[in-house]
Amino acid sequence: MAKILIKQGRIIDPANERDDIGSVFVADGKIVSVLTEPEGFVADEVIDAEGKVICPGFIDLSTRLREPGHSRKGTFKSETAAAASAGVTSLCLQPDTKPVIDTPAVAELIKELAQKAHYPQVYPIAALTQGLEGNELSSMLSLKQAGCIAVGNASRPISNLLILRRAMEYAASHDLVFMCRPNDYWLGNQGCAHEGAFATRYGLPGIPDTAETIAVDQYLELAVLTGCQVHFGQISCRRAVIKIQQAQKYGMQVTADVAIHQLHLTEEDMVPFDSAYHVLPPFRTAKDKEYLRQGLAGGIIGCICSDHQPHDLDAKLGAFPETEPGISALETLLPLTLKLVSQHAITLEQGVAALTQTPAVILGLKAGALTPGFAADICIFDPDLQWRVDSENWRSKGVNTPFWGGYLTGRVTETLQAGRLIYQLSASQSRSKA
Amino acid sequence: MSNLQLTEDGKLKHFLTVEGLSQNLLAEILDTAESFVGGAGQKIKKVPLLRGKTIVNLFFENSTRTRTTFELAANRLSADVLSMSIATSSTAKGESLLDTIRNLEAMFVDMFVVRHNISGSAHFIAQHSAPHISVINAGDGQHAHPTQAMLDVFTIRQMKKDFAKLRVAIIGDILHSRVARSQIQALNILGVAEVRVIAPKTLLPAHVETLGVGVSHNLHEGLQDIDVIIMLRLQKERMTTALLPSEAEYFKCFGLTESKLKIAKPDAIVMHPGPINRGVEIDSKVADGVQSVILRQVSNGIAVRMAIMSMAMQPLGAA
Chain A
5 MAKILIKQGR IIDPANERDD IGSVFVADGK IVSVLTEPEG FVADEVIDAE
55 GKVICPGFID LSTRLREPGH SRKGTFKSET AAAASAGVTS LCLQPDTKPV
105 IDTPAVAELI KELAQKAHYP QVYPIAALTQ GLEGNELSSM LSLKQAGCIA
155 VGNASRPISN LLILRRAMEY AASHDLVFMC RPNDYWLGNQ GCAHEGAFAT
205 RYGLPGIPDT AETIAVDQYL ELAVLTGCQV HFGQISCRRA VIKIQQAQKY
255 GMQVTADVAI HQLHLTEEDM VPFDSAYHVL PPFRTAKDKE YLRQGLAGGI
305 IGCICSDHQP HDLDAKLGAF PETEPGISAL ETLLPLTLKL VSQHAITLEQ
355 GVAALTQTPA VILGLKAGAL TPGFAADICI FDPDLQWRVD SENWRSKGVN
405 TPFWGGYLTG RVTETLQAGR LIYQLSASQS RSKA
Chain B
55 MSNLQLTEDG KLKHFLTVEG LSQNLLAEIL DTAESFVGGA GQKIKKVPLL
105 RGKTIVNLFF ENSTRTRTTF ELAANRLSAD VLSMSIATSS TAKGESLLDT
155 IRNLEAMFVD MFVVRHNISG SAHFIAQHSA PHISVINAGD GQHAHPTQAM
205 LDVFTIRQMK KDFAKLRVAI IGDILHSRVA RSQIQALNIL GVAEVRVIAP
255 KTLLPAHVET LGVGVSHNLH EGLQDIDVII MLRLQKERMT TALLPSEAEY
305 FKCFGLTESK LKIAKPDAIV MHPGPINRGV EIDSKVADGV QSVILRQVSN
355 GIAVRMAIMS MAMQPLGAA
């Protein structure tokens, strides 16, 4: 395979505590050296990274590609292409595909689809229970052997705590991380907005933050009982951050992520009855957002995920409570993370670490770092390039985002996965620098 | 929000919610309604304001009174009226709602009067209808029922004159009530001294005070100094969903009886958007008593709806 020289960018590699201007050297799909040119290195291809940032490829802990099962909303081809253009080189696929990822055959099918699409690495998350129905254990070991990286129950409830306990015990027996989205289904009351001033004003069924915090408590208690490694996905409220912080203080190995949009929007930003804002967990209060940001800065929440959920137009066309929740979020992941940096909520290093190093550690992947010998999963981005969120610049099949039509700053220019250039921003778009 | 229902020069185009409307506009609606009140008592009840216009009542949820008063109001404005009751399951998609609207649009309809069991439906229809069509919200889910609120404040104005001095209590299932939400907004825009909601916590939405109301969980305490008492209907399903233990216990705590009515000001009026559950939220003696204006509300419903329909059609007719 080719030798690639990525020339003279700002290299940010939190895993190796690196923030230097210099070059990265890639050969045979691997990183061979950083800063120092290896002896006799003759590049077949040179990527000029001047004025840009070179960092490890992003690892997204929660994504829906909508295939198999919902190809009207998105396909492996469209959504992994969107991921590549977002700098994502590895992503975890939630198990609520159709069929559900609860048999090795489905996991293998997904691996096959991913190979055909030829874009980022796709890691299926195995269903914790059969059919995600919350009643019977899935064949977790077989699923792990078929390539599943963790277990989870997507957003579906487990029928009772005894079953949850056993599922977590079984997952722990096979060293599988349990990736849960904490939400008590019954307290959630099939709501569609945060139980607060906005839901009250517009007569929308509300989801209290307590639906999340009670679930966090239950998972924490069961983590103690079962020894299962728990990762909390898509945390949305202040008190969940506090509970996770306390657990970490007591020495528990619990980790967490937050969906990028939760770090920017609150119920106050919602446009009444605009289904682009219909997301679960719902946008909460300004105070919650502030704590999520602090939790990220303080390392309590280690990762940022996209929680990418593309939809077809019809899914979002209706009265707000009847529309499907979710945001097409891969392509705004980087610019919204950079916005946190420009707002001084986190440093650039922290932002990159939350997208690379920390998720790699949680998943046990040899990735998320520019370490010689590692696969050359690399993202190169222009931190100052302004672009408009519109169909010209969009790859996902889902255009369901509250940021649609707006301008964002920061754009991926090249993405390499195992040394393969899986994305390059067209020259004309690069030049349209504001 | 308000942009959607107003034209560029601030005239009413749709009537979807009271929220965001000015005191002047509400007063204009009330004044216009006043001019139609006489009409109902006269021999010739019709005015030719909307002659040649076609109004479709789209009722996705059952209603007798609201639909009837909308029909009468449209008839008295000389419009052609078509009333459709469309059975809908909770799983019905926006697509089919949109298809219904598109089909009716193709028949050269001028106005939709919409009732739907999902919050935001009227907004959705207003956003997706052809530009010449006016949409009147006749109740959407738990969100708004603005024409009901307007006829209620109209009735209050008839009985009480000065809003600034009034203390109004709304009693019962605030959580599920689109009527209460619209009433609270209308009363606050018109500048009443106080709106107070009285209900057990299970029937109050979270942070209800953000709507601009005082809160009481006790009817005895809550009725002190009250000029206007608005009782809300209690749905039977509140018992099966663990919001309340029983009708009997509810009546004991929050039912309006003659003795409890005495706690309020002596000239307090009693209102109810109907249909009333006698012996559940209100005692028959109170409902039929001298302080009750419940039937007056029903009569006023026609005049107020005539006012709103004619005002919403005006900017379009002029264009």
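Protein chains in written order, with the working numbering: chain A, 5 to 438; chain B, 55 to 373. Glycine included, every Cβ here is placed at the ideal spot set by N, Cα and C.
Between L257(B) and chain A, is the shortest Cβ-Cβ distance under 9 Å, so that the two count as touching?
no
Please report the Cβ distance between I426(A) and T417(A), rounded to the nearest whole angstrom; I am assuming they are in contact, meaning their Cβ atoms lie under 8 Å. Incorrect: roughly 13 Å between the Cβ atoms, too far for contact.
key: C-beta contact flag for F90(B) and F277(A) at 9 Å   = no
Q.
T118(B) and T201(B) - do their beta-carbons sit closer together than 9 Å?
A. no
How about H199(B) and V233(B): are their beta carbons less than 9 Å apart?
With respect to V233(B), H199(B) sits close: the two C-beta atoms are nearer than 9 Å.
Could you tell me the boundaries of the beta strand (DSSP E) in which H182(B) lies?
Looking at the DSSP string, H182(B) is not in any beta strand (DSSP E); the run it does join, the alpha helix (DSSP H), is S175 to H182.
Checklist entry - Across which residues does DSSP place M183(A) in a beta bridge pair? => result H235(A)
Item checked: Own chain, CB closer than 8 Å to D281(B), minus 5 neighbours either side, in chain order -> K214, K219, L220, R221, V222, A318, K319, D321, A322 and I323.
query: Who are Y4(A)'s beta bridge partners in DSSP?
result: Since the first residue of chain A shown is 5 and the last is 438, residue 4(A) is not available in this structure.
- Taking the DSSP output, what are the residues bridged to Q354(A)? Its beta-bridge partners do not exist; DSSP assigns none.
Is S173(B) close to chain A, meaning its C-beta is less than 9 Å from at least one C-beta of that chain? Answer yes: the Cβ-Cβ gap between S173(B) and chain A drops below 9 Å somewhere.
Residue-level contact to chain B via CB, P212(A), 9 Å cutoff | yes
Note to self: Taking a contact to mean a Cβ-Cβ separation below 9 Å, would you say C307(A) touches D273(A) in this structure?
What the structure shows: no
* To do: Indicate whether T360(A) and G377(A) have their beta-carbon atoms separated by less than 9 Å.
  => Pairing T360(A) with G377(A) gives a Cβ-Cβ distance that is not under 9 Å.
Item to complete: Find the nearest neighbour of G74(B) within the set D85(B), N57(B) and R332(B), judged by alpha-carbon distance.
Response: N57(B)
- Per-residue DSSP class, three states only, for V101(B): coil
Exercise for the section: Please confirm if R205(A) has its CB atom under 9 Å from at least one CB of chain B. Expected result: yes
Quiz item: Counting only beta-carbon atoms, is L191(A) nearer than 9 Å to chain B?
Solution: no
Exercise. What are the boundary residues of the beta strand (DSSP E) that Y127(A) is part of?
Worked result: Its beta strand (DSSP E) spans residues Q125 to A131.
Please confirm if D227(B) has its CB atom under 9 Å from at least one CB of chain A. no
What residue range does the alpha helix (DSSP H) around Y189(A) cover? Y189 to G192
Going along chain A, which residues have a C-beta under 9 Å from V262(B)? T204
**Message:** Against chain A, with Cβ distances strictly below 9 Å, would S143(B) count as a contact?
**Reply:** Any reading at S143(B) needs caution, since the residue's pLDDT is 49, under 50, leaving its predicted position unreliable; the model's value is listed next. No, no contact with chain A.
Would you identify the three-state DSSP class for R76(A), choosing helix, strand or coil? coil
Practice prompt. May I ask you to report which of helix, strand or coil DSSP gives I15(A)?
Written response: strand
Please list, in chain order, the residues of the region 319 to 340 of chain A that have any C-beta partner in chain B closer than 8 Å.
L321, G322, A323, F324, P325, E326 and T327
### Rounded C-alpha distance that separates F287(A) from G207(A)
16 Å
Residue interval of the alpha helix (DSSP H) (run including N129(B)): According to the DSSP assignment, N129(B) belongs to the alpha helix (DSSP H) that extends over R119 to R130.
So that I know if they touch, is there some Cβ in chain B lying closer than 9 Å to that of P108(A)?
no
* Test: M55(B) CB closer than 9 Å to a CB of chain A -> Since pLDDT at M55(B) reaches only 47, below the 50 mark, its modelled position is unreliable, and the value read off the structure follows with that caveat. True, the Cβ-Cβ gap to chain A drops below 9 Å.
Alpha carbon to alpha carbon, how far is K339(B) from L310(B)? Just so you know, the alpha carbons of K339(B) and L310(B) end up roughly 10 Å apart.
At a CB distance below 9 Å, what residues from the region 160 to 184 of chain B approach chain A? Give them in sequence order. H170, I172, S173, G174, S175, A176, H177, F178, I179, Q181 and H182
Handout entry: C-alpha gap between D48(A) and K7(A), whole angstroms
Key = 5 Å
Next on the checklist: Going by DSSP in three states, Q428(A) sits in which element: helix, strand or coil?
Outcome noted: strand
Rounded separation between R211(B) and S346(B) - CA only: Answer to the nearest angstrom: the Cα atoms are 15 Å apart.
D316(A) and G330(A) closer than 9 Å at C-beta:
no
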